[in-house]
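Peer 1: For reference, the structure I am asking about is given below.
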RNA sequence: ACCCGGAUGGCGAAAUCGGUAGACGCGAGGGACUUAAAAUCCCUGGACCGCAAGGUCGUGUGGGUUCGAGUCCCACUCCGGGUACCA
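In the numbering used here, the protein residues as written are 3 to 812.
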């Protein structure tokens with residue numbers, strides 16, 4: 003008796019590096035950028051390369067995107083899937099500060115570590131086209147993008163408030179302020195006024211909103227953008243002020259309530275406050291203004307307690323002719339509308355609260371279905387505008403709110419008191435950062451010529467290496483401490499001039515990176531015209547919904563501007579966008595402080611990258627995320643082990659089972675449909691089910707039965723599939739072998755289990771021909787004693803759903 | 001407060017149109033193989049009553065529509081995310 007040779011087990015540690023090397027050698031993942039006939043641009047949101055290394059959340063996102071990309075390739079598309087690094091910005095700089103490193107030295111190390119981890123994950127990325135936003139080859143063109151906006155009159159400079167942490171001696175982004183204190187040291191944040199560069203995104207509000215109608219995006223993402231843009235229809239109304247020529251203009255969405263406007267409120271910063279304030283009130287008003295100014299932006303917005311001061315002035319309500327007092331209060335914001343409101347305490351909760359506090363008159367001008375004109379308002383304002391109708395409003399009494407909005411606006415407009423307007427919440431995008439780690443804004447200030455854009459031929463304006471990159475108490479950029487850098491001759495007249503020392507927001511780096519990928523190796527243009535028109539707009543964009551608003555909105559804006567400037571011929575960058583879900587672990591959010599952060603390296607080491615990928619996709623619906631449970635990964639690994647064994651032991655000289663073949667065809671259809679719809683978890687379940695059927699009863703498996711399964715699993719477990727494909731005798735890549743086809747005839751059932759109910763309760767099931775008639779089914783049911791015993795009395799009704807059920811109502 | 005999601009076995013979850021609730025996987029229990037264990041393979045797994053056949057209940061709560069509801073409608077509770085004095 004000879005010792006049988008041990009069968010080869012599935013060994014990811016051996017085959018994964020083998021295929022990574024082979025893909026690199028053969029250029030398997032390279033897209034034919036200049037002559038692809040069926041281009042498909044698969045984009046995933048590029049990561050910020052943290053020093054901690056790749057997060058499973060990243061890998062979850064990338065794997066899902068990669069499966070979609072590989073699937074499209076199998077379907078015959080020429081897929082371009084690039085990746086890069088969002089390496090510039092405040093995250094990277096703060097981390098460098100914390101560990102006492104320099105971002106210019108630290109970032110390349112982080113990028114290298116990410117690169118290693120990403121390559122290991124087996125993504126079908128065309129690494130030739132990698133971008134790194136912190137490299138001069140990239141940010142040269144970020145600066146170019148700034149200049150295009152500047153040329154279009156969409157970049158301008160104005161003074162604006164910023165958050166300042168006196169302890170960290172730095173400007174903070176709004177996201178870095180929590181409840182009025184610095185997220186890092188807990189110190190109360192102050193407000194400073196600094197000159198800032200803005201992009202006029204508000205000019206695109208309407209277009210950004212309207213295009214959402216036809217974009218193929220996740221509905222949640224669309225609604226987040228819609229809310230952020232915040233379109234509201236209303237009117238601007240002007241109020242005469244006693245003793246003054248200046249009028250107060252307010253914005254309101256409820257012009258119908260004008261008869262109930264019993265006072266006006268201006269924002270404390272409103273420019274007319276000083277004009278209107280009477281001498282008697284001046285001290286109180288100034289005191290209030292000073293107190294407001296000292297408060298930081300965030301604290302002001304988080305405290306809901308109403309405060310305010312009377313200016314001493316009164317205005318005339320154009321509808322009633324009554325004199326109404328003018329107050330200032332910090333619940334009115336200068337940055338929205340006109341910075342002034344007409345207060346209608348009867349029908350606005352904030353005004354109601356304010357009026358109660360300061361004993362201002364509250365008048366009912368809208369009544370609900372159960373109210374009369376003189377029904378008292380009670381404890382709260384009445385804000386139901388769907389059911390309300392006007393009262394105490396002269397000629398408009400009895401009109402429903404919606405109708406009255408138009409009627410009152412028209413009436414006021416005719417009298418010269420106002421005009422209908424549309425307002426947007428969206429405000430201009432402040433892109434200045436008084437920081438070091440970002441692209442210097444390409445502007446030069448000259449005493450003679452004023453603000454001069456850096457000529458494109460002089461780009462990039464390189465970020466110099468400076469050891470003292472730390473922000474200081476002055477509130478100006480670290481670059482402003484380096485005269486040798488910022489003193490330059492004026493590009494126009496040659497006189498001594500100085501550079502802008504602020505850098506631009508990280509979000510600008512990422513607002514155009516998708517345009518760069520196809521042309522990443524070009525140093526003469528930001529993006530090549532031919533390649534751009536071949537590959538863009540992006541066919542599939544997958545990313546986190548945390549970027550639903552800022553990144554996606556800024557990208558759309560920049561794309562629109564590029565179109566208007568004539569650089570591209572499309573205005574929406576992402577034809578299809580899907581948001582993936584979030585991964586939690588053992589029921590809890592992952593965080594460093596909890597110590598439950600997953601290190602992908604450890605899992606890939608133990609189980610293999612393919613099993614890890616597949617588990618991430620199996621643990622829950624991709625668009626909802628899921629719970630990472632350490633024990634769960636063994637299930638997908640066992641599936642791969644068994645599939646491996648079936649491929650290894652498959653033969654060509656055993657009978658093919660018709661039932662197995664039918665199941666394989668059904669699985670091809672289901673996995674195709676589910677993968678296209680990002681239902682990866684159910685696609686994997688279908689493959690498992692199919693394999694279980696294939697192997698059931700310890701039968702000998704025919705090669706033709708298992709071969710399609712290898713193709714189906716390829717997008718999910720690419721190294722594994724390549725090795726199996728080779729074992730089955732192929733020399734090329736499985737990704738060039740196409741997607742298996744199914745025979746629709748194989749999907750049709752000739753016999754079905756018909757469920758029989760009596761009065762809606764399941765009483766049995768019958769194995770019957772699929773095309774059985776109701777009468778035949780009925781006869782079959784009555785012949786079954788277990789069913790017939792429930793059919794007592796007269797049959798009132800029979801519901802028959804072919805192929806599904808028969809319900810007998812007695 | 002407002003706007004989105006969500007709630008299904010011990011656990012992660014599945015269920016195109018309203019039509020067998022719990023696919024697939026984890027864990028658990030039992031068995032085979034083994035001197036033994038691991039690995040692997042097979043079987044059983046919603047709850048309750050029952051020896052069984054069988055029956056009753058069951059998708060967060062309370063109502064409703066329907067022959068039939070996890071799925072549709074109304075009211076509510078809890079959880080997650082986003083926005084937050086936006087007039």
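Positions of the beta carbon are idealized from the N, C-alpha and C atoms, including for glycine.
Because the structure is a prediction, the values reported are computed rather than measured.
1. Per the DSSP calculation, residue 740 is bridged to which residue(s)?
2. Among 22, 28 and 134, which residue has its Cα nearest to the Cα of residue 523?
3. Can you tell me where the alpha helix (DSSP H) with residue 665 in it begins and where it stops?
4. So, at 7 Å on beta carbons, what are the nonlocal neighbours of residue 665 in its own chain, with the 5 sequence-adjacent residues on each side left out?
5. When you compare the CB positions of residue 369 and residue 390, do they come within less than 8 Å of one another, or not?
6. State buried or exposed for residue 5, treating a residue as buried only when at least 16 other CB atoms are found within 10 Å of its CB.
7. If residue 356 sits next to residue 364, beta carbons under 8 Å apart, how far is it from one beta carbon to the other, in whole angstroms?
8. Quick one: any contact between the stretch 447 to 467 and the stretch 485 to 505, if contact means 3 or more CB pairs under 8 Å?
9. So what does residue 704 bridge to, in DSSP terms?
10. In its own chain, which residues sit with a C-beta less than 6 Å from the C-beta of residue 196, not counting the 5 before and 5 after it?
11. With three or more C-beta pairs closer than 8 Å as the rule, is the stretch 549 to 564 touching the stretch 225 to 232?
12. Using CA coordinates, which residue listed in 458, 314 and 235 is at the minimum distance from residue 245?
13. For residue 208, does the three-state DSSP call read helix, strand or coil?
14. Quick test of your reading: residue 334 and residue 262, contact by CB under 8 Å. State the CB separation rounded to the nearest angstrom.
15. Report the rounded CA-to-CA distance for residue 564 versus residue 575, giving the unit in angstroms.
16. Give the DSSP-derived three-state secondary structure of residue 47 in the structure shown.
17. Quick one: Cα of residue 800 to Cα of residue 808, how far?
18. Apart from the five residues just before and just after residue 3, which ones in its own chain have a Cβ nearer than 8 Å to its Cβ?
19. Quick one: measure Cβ to Cβ for residue 342 and residue 266, integer angstroms, because I've assumed they're closer than 8 Å.
20. How many angstroms separate the CA atom of residue 661 from the CA atom of residue 588?
21. To the nearest angstrom, report how far apart residue 568 and residue 605 are at their CA atoms.
22. Could you name each continuous alpha helix (DSSP H) segment of 4 residues or more that falls completely within the stretch 47 to 129, going from the start of the chain to the end?
23. For residue 835, count neighbouring Cβ atoms within 10 angstroms of its own Cβ and tell me buried if that reaches 16, exposed if not.
24. Could you check if residue 150 is buried or exposed, using at least 16 other CB atoms within 10 Å of its CB as the buried criterion?
25. Between the Cα of residue 676 and the Cα atoms of 70, 152, 118 and 318, which residue gives the shortest distance?
26. Between which two residues does the alpha helix (DSSP H) harbouring residue 222 extend?
27. Determine the extent of the alpha helix (DSSP H) in which residue 581 is found, giving its start and end residues.
28. Note down, in chain order, each residue of its chain lying with its Cβ closer than 7 Å to the Cβ of residue 558, except the 5 sequence neighbours on either side.
29. Over what stretch of residues does the alpha helix (DSSP H) that includes residue 602 continue unbroken?
30. Please go through the same chain and pick out, in chain order, the residues whose beta-carbon is closer than 7 Å to the beta-carbon of residue 409, but skip the five residues on each side of it.
31. Hey, would you say residue 45 sits closer than 8 Å to residue 120, going by beta carbons?
32. How big is the Cα-Cα spacing for residue 339 and residue 253?
33. Who pairs with residue 136 in a beta bridge, going by DSSP?
34. Is residue 254 helix, strand or coil when you go by DSSP?
35. Check each candidate in 249, 264 and 118 and name the one with the smallest Cα separation from residue 275.
Peer 2: Based on what the coordinates show:
1. Beta-bridge pairing links residue 740 to no other residue.
2. Considering only alpha carbons, the answer is 134.
3. Bounds of the alpha helix (DSSP H) holding residue 665 are 660 to 678.
4. The answer, listed in chain order, is 692 and 695.
5. Contact: yes.
6. Confidence at residue 5 is low in this model, with a pLDDT of 40, below 50, so the placement of that residue should be treated as unreliable; the coordinate-derived value is given next. With a 10 Å radius around the Cβ and a threshold of 16 neighbouring Cβ atoms, residue 5 comes out exposed.
7. The C-beta separation of residue 356 from residue 364 comes to about 10 Å, leaving the pair out of contact by the 8 Å criterion.
8. Touching, per the Cβ criterion.
9. Its beta-bridge partners are 653.
10. Same-chain partners within the cutoff: 164.
11. A contact exists between the stretch 225 to 232 and the stretch 549 to 564.
12. The residue with the shortest Cα to Cα distance from residue 245 is 314.
13. Three-state result, residue 208: helix.
14. Not quite, the Cβ-Cβ distance comes to about 18 Å (not below 8 Å), so this is no contact.
15. Rounded to whole angstroms, the separation of the alpha carbons of residue 575 and residue 564 is 11 Å.
16. Here DSSP, grouped into helix, strand and coil, assigns residue 47 to coil.
17. Roughly 7 Å between the two C-alpha positions.
18. Here the model assigns residue 3 a pLDDT of 34, short of 50, so the residue's position is not dependable and the matter cannot be decided.
19. Between residue 342 and residue 266 the beta-carbon gap is near 6 Å, inside 8 Å, which marks them as a contact.
20. Looking at the two C-alpha atoms, the distance is approximately 39 Å.
21. One C-alpha to the other measures close to 49 Å.
22. Within the stretch 47 to 129, the complete alpha helix (DSSP H) segments of 4 residues or longer fall at 58 to 76, 92 to 101 and 105 to 122, listed in chain order.
23. Here the chain covers residues 3 to 812 and nothing more, so residue 835 does not appear.
24. Burial call: buried.
25. Residue 70 is the option with its Cα nearest to residue 676.
26. Segment 221 to 231, the alpha helix (DSSP H) holding residue 222.
27. Residue 581 -> not in any alpha helix (DSSP H); beta strand (DSSP E) instead, spanning 578 to 582.
28. Once the five neighbours on either side are set aside, the close Cβ partners of residue 558 are 210, 574 and 575.
29. Where residue 602 is concerned, the enclosing alpha helix (DSSP H) stretches over 602 to 609.
30. Around residue 409, the same chain offers 398 and 401 as residues with beta carbons nearer than 7 Å, after the five sequence neighbours per side are excluded.
31. Contact flag unset, no.
32. Between the alpha carbons of residue 339 and residue 253 lies a gap of roughly 6 Å.
33. Residue 136 is not bridged to any residue.
34. It is a strand residue.
35. The shortest C-alpha separation from residue 275 is found at 249.
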